Ligand code: FES
Ligand code: FES
Ligand code: FES
Ligand SMILES: [Fe+3]
Ligand SMILES: [Fe+3]
Ligand SMILES: [Fe+3]
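Residue numbers (the numbering used here), protein chains in the order written: chain A, 81 to 253; chain B, 81 to 253; chain C, 81 to 253; chain D, 338 to 755; chain E, 338 to 755; chain F, 338 to 755.
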């Protein structure tokens with residue numbers, strides 16, 4: 081059964097080798113991830129996860145205090161699909177245009193199946209009639225697997241640094 | 081004759097292969113692009129374009145509404161040179177120091193001659209006596225060709241997300 | 081004896097080849113650099129420098145005016161260690177969480193021993209009870225050497241663009 | 338220093354005049370006038386009110402503390418070595434430094450960084466360096482008495498694990514403050530069982546704090562704005578429901594009951610409903626009944642800074658922290674019961690997807706509050722309309738009313754002298 | 338609600354006293370006093386003035402709409418199913434939510450997200466959910482009349498495809514408002530031909546809105562600040578030119594004529610000119626004559642929020658949107674004529690490089706406005722000098738004058754009671 | 338225009354009343370009231386005071402200039418072709434544009450970008466384009482006299498390479514302004530030797546400017562807050578030391594002497610000291626004695642905007658630039674002497690690690706100022722306590738006192754009429 085507490089390592093995780101994974105392919109996965117979210121292509125973005133994938137957005141505060149609550153908690157790609165359905169179909173909000181700047185993608189764990197990676201993100205958001213501004217900054221703590229040679233996320237945790245979210249967190253991090 | 085409407089694809093463009101282009105060389109082109117603009121070396125920056133290159137800076141609003149107006153429209157490198165001459169020689173403005181953060185460079189079209197790429201940018205600007213702040217964020221929609229083995233832009237469209245430009249857009253995006 | 085004036089080139093430095101250095105290894109060095117600082121692992125971060133390394137943080141203003149003063153000046157890794165000791169042990173300040181976004185890493189000088197590189201950085205900072213905001217932006221002017229096959233900084237100069245630092249510059253750039 | 342809770346001089350009621358129609362109208366300047374906001378801080382948040390500050394479960398052990406705010410005053414909620422809870426203003430009595438920065442921790446003394454003045458959990462000044470000088474030089478005057486220079490203390494009360502504080506020492510007991518009806522609903526969730534804190538969500542909302550209360554006291558919007566709720570049958574305007582206030586009108590509770598089916602009945606509220614939408618992972622919403630009675634949604638607002646949320650199995654304290662006339666912080670403390678099994682905990686954690694800055698319900702609310710504030714800021718001579726359900730202030734047995742908002746402003750006007 | 342256009346209470350003229358020298362002086366507090374700014378909103382933008390809102394060509398079809406602002410009031414410009422244009426305040430009559438967020442679109446009804454109140458293109462309240470309650474419960478009082486609760490409407494007038502709106506229902510017709518001279522210049526560009534919108538450019542300028550009008554009404558600066566213009570012969574102080582106001586001084590037009598050559602004549606204005614500079618791609622500037630008469634530059638300012646720009650073949654409406662006493666938005670709507678061929682369209686698009694946030698002319702102006710605001714903010718007892726061309730308010734046949742600015746402030750003082 | 342240095346109308350003393358205990362108390366509204374801040378600009382920074390503006394060594398050659406500020410007024414410090422130093426307000430006399438943007442440079446004339454008005458180093462208006470019109474048209478009125486329209490000039494004085502300016506032309510000579518004691522300490526560092534500028538560090542601090550003076554005038558905090566200083570023996574509460582004011586109390590100097598050893602004596606100040614800490618690179622701190630006398634730390638505050646810092650061998654001018662009631666800029670100009678050898682220069686550059694935005698001493702100060710401002714902003718009825726060392730205003734021979742802060746506020750009250 082799903083772990084109650086996000087398995088996020090709050091601290092630093094040392095680099096390992098890329099093993100059977102190609103660094104360029106991992107970089108491409110993150111690039112597509114950002115490009116899809118920033119183009120608002122949320123359904124296609126879902127395809128970057130395996131069916132069993134878990135996806136969480138959680139504040140650094142909860143991670144560091146060992147509290148299980150996430151801000152977005154999807155225990156399966158199906159649950160993540162439900163959220164995408166909601167963003168597209170049921171929620172009311174003014175349009176947000178995002179730019180996910182993802183840097184420092186690093187391999188931090190490796191086994192026969194899974195590559196663990198961390199990365200930094202800064203999400204810049206543009207609202208109707210306003211200037212572009214920083215929405216959030218933080219780090220990723222992810223797991224990547226190869227499905228018929230194509231890399232997919234089997235788990236993703238986005239940990240945002242500032243406990244206070246400016247208004248809302250609508251577009252996934 | 082030049083197209084009236086910028087040929088920018090507002091939406092997402094799926095990834096293709098790098099073909100005869102080296103990913104590292106493309107990355108280097110973008111890195112030099114940022115480094116030259118951020119050092120204020122606008123004349124050298126011109127060298128990153130082929131003579132026939134078109135360069136446009138356009139608001140996402142105009143692109144999405146199918147309107148032909150660009151904020152900067154150069155239908156040739158010569159016209160871009162005229163703008164650089166103006167920035168250096170005729171315009172009055174306080175110095176802007178920029179940092180172009182370019183990420184998620186992705187190949188999106190490929191033929192025998194040209195590689196189409198998209199990327200994200202966030203431009204951070206520093207004005208006299210002020211803190212560094214975000215000037216703009218958006219995406220690139222570019223075409224790259226090889227000239228005697230060296231990569232150059234044959235077309236570049238910078239699409240900025242926020243319709244409202246803070247004061248002015250002086251340093252090219 | 082140590083140079084009085086930081087040997088920072090204020091202007092643009094053209095690209096050279098990577099020579100005996102692997103581009104990917106250099107990228108990894110910068111990625112680890114950001115990841116360690118942003119995780120607050122300052123002691124481990126020290127390991128990215130050789131013992132003789134000099135580390136300086138200096139305002140673009142002083143560099144351009146040819147003034148020798150740095151904001152942080154460490155003429156050896158030992159002196160940098162003293163600063164880390166102070167950050168950890170003696171200084172009073174509210175916690176800062178940083179995200180160092182490092183892009184456009186470019187080789188700009190090369191000899192048998194040393195690779196010179198430049199890069200852009202934007203440092204996003206999160207303070208207690210506040211939103212994430214830009215702390216500083218600027219460029220690096222670095223020297224990298226290989227120690228038993230592992231890349232390390234033999235010299236690093238972080239040049240920040242805005243003369244005015246917002247409150248304090250505590251976490252190294 | 339002590340905050341005065343005295344009336345302030347500027348004669349606001351003169352400068353600002355409430356519309357003649359009374360509380361079925363709200364002038365937009367209540368959301369935009371900085372002087373009014375300053376007055377609210379004095380007469381409401383630092384006045385005779387019980388402000389929610391924390392759950393006892395957040396500071397279970399002696400020495401545990403959490404930082405929070407009462408209105409815009411930062412305070413520390415501490416449990417001393419004897420287990421007694423104190424609430425003190427987080428400002429040094431010497432020269433005003435905000436002394437505690439940790440969001441939470443364990444400490445039985447608090448030391449100011451500037452000159453190392455040291456305070457006990459209850460705010461008492463334990464000591465200060467060089468009080469007697471150094472080598473016979475300097476030091477504090479002989480008449481200096483530590484007892485005069487502690488951190489300002491607030492009155493504290495606790496009920497079933499929920500902690501409230503007040504700048505007023507003459508406050509009535511919490512049950513009297515809440516009144517019988519609202520006390521009953523309060524005790525429904527806080528029935529004396531030990532609570533367990535699941536975590537926090539925090540957000541800033543660019544709107545006046547009163548718009549948050551309006552939103553929660555407004556059952557009228559729920560079936561119209563929250564398509565997700567209606568789509569999945571969690572809320573409908575024709576569900577059995579009621580609105581109950583206390584005698585002053587400052588507190589209220591909205592109670593509703595999930596419908597057992599999703600067929601379309603001929604109500605207006607379903608225009609935007611996605612009839613074809615089904616959950617791909619039903620675990621996102623698999624509510625189980627856990628409280629006596631049929632109610633499945635109970636939203637209680639407790640003057641002046643708390644919303645107690647029970648939506649299906651997601652339980653949260655929503656604490657309002659005012660930042661300025663045009664912005665407030667919303668701090669969500671999600672909790673369960675110490676005796677929840679892991680399945681129930683997981684259920685609560687998954688249903689938390691409905692609430693907070695990414696909540697599939699609350700995203701809608703944050704957005705309309707933002708847009709209502711922008712509307713209020715357009716000009717200061719506009720007026721909002723509160724006539725749904727009539728003009729009265731009585732409890733109702735339905736959801737088609739703005740009565741709880743009217744009651745709120747009825748109390749607000751009397752407190753603010755408007 | 339309706340905005341009152343009544344005079345406001347605070348006696349600004351008392352607190353603030355205009356310099357004795359009259360309109361050849363401007364006190365810096367007109368750019369920095371927030372109370373004055375609030376008053377400007379009431380008596381100017383929400384007062385008896387025709388505010389530019391849109392081009393008819395932006396909303397050609399029934400149901401088309403665009404969002405814009407009048408002063409700092411957000412409005413929607415709509416074309417109803419019958420083709421009639423309306424301008425309504427973008428604020429829900431229920432509880433003030435800014436209801437339309439799309440910059441433009443096509444809709445014949447507008448629904449507020451909060452409680453789904455639905456309005457017609459003209460602002461009429463078409464309906465609201467649960468008006469009669471649900472299952473006999475709740476609903477609006479019997480005396481509730483939709484007719485009393487529409488979106489606020491503005492008066493609208495159109496001339497040759499240009500739309501203006503006013504909060505004042507007693508406005509004179511546009512021709513009378515503009516006066517014969519300025520009407521003539523207006524009709525020169527808007528001659529009845531169908532317009533085609535080329536696109537938008539928008540920017541925020543950290544300066545008081547009046548500095549924008551000063552800049553455009555100031556021919557004195559053009560040949561001194563705009564090196565690009567002079568370098569390429571588009572403007573010279575010794576070009577044939579004139580400045581013409583209406584009788585009130587609130588509107589004005591600057592007319593000039595490109596010189597046929599670039600030789601240096603002995604004027605002062607060429608210090609910074611780059612004599613050696615040649616265009617690498619002459620297509621950037623290949624103006625063709627398209628209007629009767631010799632004028633090549635016509636800059637018309639229409640009180641209180643519009644600049645009509647004709648510089649060579651680049652045509653644009655520059656709409657001022659005030660944000661605060663120290664910041665305004667400039668919205669550029671570039672247009673041509675429906676019968677332009679592609680070559681002319683391309684010409685206009687290329688010449689657009691001169692204007693907007695990246696304009697080779699307007700970059701200079703934005704920068705000096707920013708620096709003038711910083712100068713004004715230094716302290717509030719400074720005074721600007723407007724003596725170029727003398728002290729009078731008469732039309733001139735040359736460019737060496739600040740008369741149009743003096744005339745502007747002459748009108749401003751009378752309207753503001755300063 | 339000229340700034341009036343006249344008293345302002347609003348009767349602050351009426352609206353704001355100082356606590357009855359006098360200067361052993363400071364009400365928090367002195368840090369938060371924007372009206373008070375505006376008044377400070379007029380009566381203090383633009384009033385009868387000598388404001389530090391630059392070191393002569395920054396502008397050694399004819400034509401050299403630097404930009405800086407006096408209070409929140411931007412000024413240019415220039416050296417004319419004859420070598421005479423002038424300080425002029427950086428605002429064009431025409432229409433207020435801030436005309437010089439370069440932080441420093443060499444120019445004997447300054448031209449405004451807007452209309453090319455040209456000024457001499459001393460502010461005299463040299464000329465303006467089209468003064469006589471063009472082709473007989475326009476131009477300035479006959480009575481226009483350049484002499485009436487220069488840049489505003491400030492009075493200037495220099496002592497031993499340090500430049501001060503004043504908006505008041507009646508200022509006493511600097512020695513009289515400083516008084517004998519403080520003049521002596523000033524001349525200790527500025528002994529007539531030629532200075533050499535090492536560079537700048539600049540930071541914004543989110544605190545009221547007076548908190549910076551309190552901090553520097555407060556020896557009490559040094560041994561308690563600055564663990565780094567104490568750990569490495571640079572400062573101890575039991576070091577020989579003294580505090581000396583001038584007769585008005587506005588200036589003061591703190592003098593202290595490094596201890597020769599690090600053993601723990603029984604003082605309170607070492608709680609947080611890291612006894613085991615040793616420098617890995619002792620070059621970070623290898624002070625050498627360079628001034629007569631035993632003093633190793635001399636911190637002098639000169640009303641209203643300067644701190645002269647001598648900590649071991651790091652010398653700096655700390656200039657305060659006010660930005661708003663809640664924020665100031667701190668500009669550090671590090672310097673040495675022209676006859677320093679490279680080893681001494683390197684020593685100063687290394688010891689600079691102690692100061693500035695990354696200073697191992699000053700980081701602590703910036704942080705407590707930030708937190709003190711947050712404390713002051715909590716509410717405006719709090720009061721700070723200044724009783725360390727008693728209630729008097731006399732010089733002391735020790736560090737356990739807040740007397741210099743009391744003296745500062747004694748002067749402040751008289752100047753501000755509080
Ligand atoms: S301010 Fe807290 S101890 Fe001095
Ligand atoms: S606020 Fe618009 S419908 Fe209620
Ligand atoms: S404003 Fe300076 S010359 Fe006109
Ligand atoms: Fe809701
Ligand atoms: Fe202009
Ligand atoms: Fe200090």
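The beta-carbon is built from N, C-alpha and C at its ideal position, and this holds for glycine as well. Remember, it's a predicted structure, so these values are computed and weren't measured experimentally.
With 16 other Cβ atoms within 10 Å as the buried cut-off, status of residue i
{"i": "residue 241 (chain A)", "result": "buried"}
{"i": "residue 358 (chain E)", "result": "exposed"}
{"i": "residue 711 (chain D)", "result": "buried"}
{"i": "residue 737 (chain D)", "result": "buried"}
{"i": "residue 685 (chain E)", "result": "buried"}
{"i": "residue 628 (chain D)", "result": "exposed"}
Distance, residue j Cα to residue i Cα
{"i": "residue 491 (chain E)", "j": "residue 379 (chain E)", "result": "14 angstroms"}
{"i": "residue 713 (chain E)", "j": "residue 617 (chain F)", "result": "53 angstroms"}
{"i": "residue 215 (chain C)", "j": "residue 212 (chain B)", "result": "7 angstroms"}
{"i": "residue 252 (chain A)", "j": "residue 623 (chain D)", "result": "23 angstroms"}
{"i": "residue 720 (chain F)", "j": "residue 434 (chain D)", "result": "12 angstroms"}
Those residues which DSSP pairs with residue i across a bridge
{"i": "residue 423 (chain D)", "result": "D:415"}
{"i": "residue 221 (chain C)", "result": "C:198, C:237"}
Residue i Cβ short of 6 angstroms to ligand 3 heavy atom set
{"i": "residue 452 (chain F)", "result": "yes"}
{"i": "residue 431 (chain F)", "result": "yes"}
{"i": "residue 434 (chain F)", "result": "yes"}
Any non-hydrogen atom of ligand 2 closer than 6 angstroms to residue i Cβ
{"i": "residue 449 (chain E)", "result": "yes"}
For residue j and residue i, believed in contact at Cβ under 8 angstroms, the rounded distance
{"i": "residue 739 (chain E)", "j": "residue 557 (chain E)", "result": "6 angstroms"}
{"i": "residue 152 (chain B)", "j": "residue 650 (chain E)", "result": "Incorrect: roughly 18 angstroms between the Cβ atoms, too far for contact."}
Residue i CB to nearest heavy atom of ligand 5 below 6 angstroms
{"i": "residue 357 (chain E)", "result": "no"}
Contact test: residue i Cβ vs ligand 4 heavy atom, cutoff 6 angstroms
{"i": "residue 702 (chain D)", "result": "yes"}
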